[in-house]
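These notes are about the structure you will find just below.
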Amino acid sequence: MNNTIVIGYDGSPDAHTALTWALDEAARTAAPAEIVYADEWPLWAPAASMAPTVAIRPDSYVEHVITGMLDTAVTTAKETHPTVHVTATTVRAYASATLIGRSTEARLVVVGARGHSAVAGLLGSVSSAVSAHARCPVVVVRGEPAGTAPVVAGIDGSALAPAVLRFAAQQATARNVPLRVIRTWTPVTGLWEETPMATRTVTAEEREPFDTLVTGIRDTFPGLMIEAEGSVEHPAAALALASTTAQLLVVGSRGRGAVRGMLLGSVSQHLLRHSACTIAVVHKTPVEH
């Protein structure tokens, strides 16, 4: 494992925003940054050549356009973040596969919410795929919240909860902002909704594992201000609302309710599309630093 922060870059406005976020993170953590551009045209060209009209890309495109774009990005990065070691790489491969491959050795993979190829109004296919399949934490950058806004960790009773909480605590500590920990219990619905079982309260016994986990984080990060909240509410709704006043929302790739074999739980999928702030998706095998 190395300490590199990998940035998926295609020159789009969202990619620029993601690059700035990643460079700020690299400066805070003394990590090197690698800007990765995936040139997919050679893979699409054979199929495109069968179309009645084909837009031919000149051979000089890579040198004059792609290389020029990356050179400009690196030059600007060195001016704005002089302490960060920045490199750029072009690969002839699909963007999602490239970044997933890089994730096996990276500290973080950082992408924009949408790239040039995304359908308007939808989450970009690359950010969605990488968030689902990466082997390290993936940060999908969106919005420009105040730097004093808290980091929010959304956890449940799954095995990923400690990793999510630790990652969020590290991020909050590095930014010198509070950590808000949200644990929700999904409300009873259906036939049981109007019965005495649906109290919309959390018992002390139910809260005990959550409280123990938070206590452990308080001990590990003694200088960090932590606010812990537990409630009976749908997690996707609670965390989407919390994202409106946060600078970073941290969740796990799969929760307790995820179907076996799914690589991205339904709550994480919802938040990738509806979070108002940058979201980090922590996976089963997070890189420890």
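Per numbering that gives the first Met the number 0, the sequence shown starts with residue 0, numbered consecutively. Virtual Cβ for every residue (Gly too), placed ideally from N, Cα, C.
Please confirm whether residue i and residue j have their CB atoms less than 7 Å apart.
i, j, result
"residue 149", "residue 245", "yes"
"residue 270", "residue 238", "yes"
"residue 171", "residue 249", "no"
"residue 184", "residue 213", "no"
"residue 289", "residue 229", "The question about residue 289 has no answer, for the chain in this structure spans 0 to 288."
"residue 105", "residue 37", "no"
Can you tell me whether residue i is buried or exposed, with buried defined as 16 or more other CB within 10 angstroms of its CB?
i, result
"residue 111", "buried"
"residue 3", "buried"
"residue 49", "A caution first: residue 49 carries a pLDDT of 48, below 50, which makes its placement in the model too unreliable to give a value."
"residue 13", "buried"
"residue 70", "exposed"
"residue 173", "exposed"
"residue 302", "Look at the range of the chain in this structure, 0 to 288, and you will see that residue 302 is not part of it."
"residue 9", "buried"
"residue 204", "exposed"
"residue 216", "buried"
"residue 64", "exposed"
"residue 236", "exposed"
Which residue from the options puts its Cα closest to that of residue i?
i, options, result
"residue 82", "31, 168 and 103", "31"
"residue 99", "174, 74, 128 and 87", "128"
"residue 29", "72, 80 and 68", "80"
"residue 210", "155, 77 and 76", "155"
"residue 73", "182, 22, 273 and 216", "22"
"residue 76", "93, 20 and 36", "20"
"residue 103", "272, 207, 5 and 240", "5"
"residue 35", "64, 101 and 279", "101"
"residue 16", "38, 174, 91 and 141", "141"
"residue 186", "234, 280 and 253", "234"
"residue 144", "160, 168 and 176", "176"
"residue 96", "124, 147 and 240", "124"
"residue 272", "18, 113, 1 and 160", "113"
"residue 7", "1, 78, 86 and 267", "86"
"residue 282", "165, 26, 18 and 25", "165"
"residue 253", "25, 160 and 147", "160"
"residue 84", "227, 67, 24 and 92", "24"
"residue 1", "33, 18 and 268", "33"
"residue 27", "169, 147 and 68", "169"
Under 8 Å by Cβ, that's how I've got residue i and residue j pegged, so tell me the actual separation to the nearest angstrom.
i, j, result
"residue 162", "residue 178", "Not a contact, Cβ separation roughly 15 Å."
"residue 126", "residue 251", "Actually they are not in contact, since the Cβ atoms of residue 126 and residue 251 sit about 17 Å apart, beyond 8 Å."
"residue 108", "residue 137", "5 Å"
"residue 277", "residue 139", "7 Å"
"residue 180", "residue 225", "6 Å"
Segment contact, 8 Å Cβ cut-off, at least three pairs: the segment 219 to 227 with the segment 131 to 141: no
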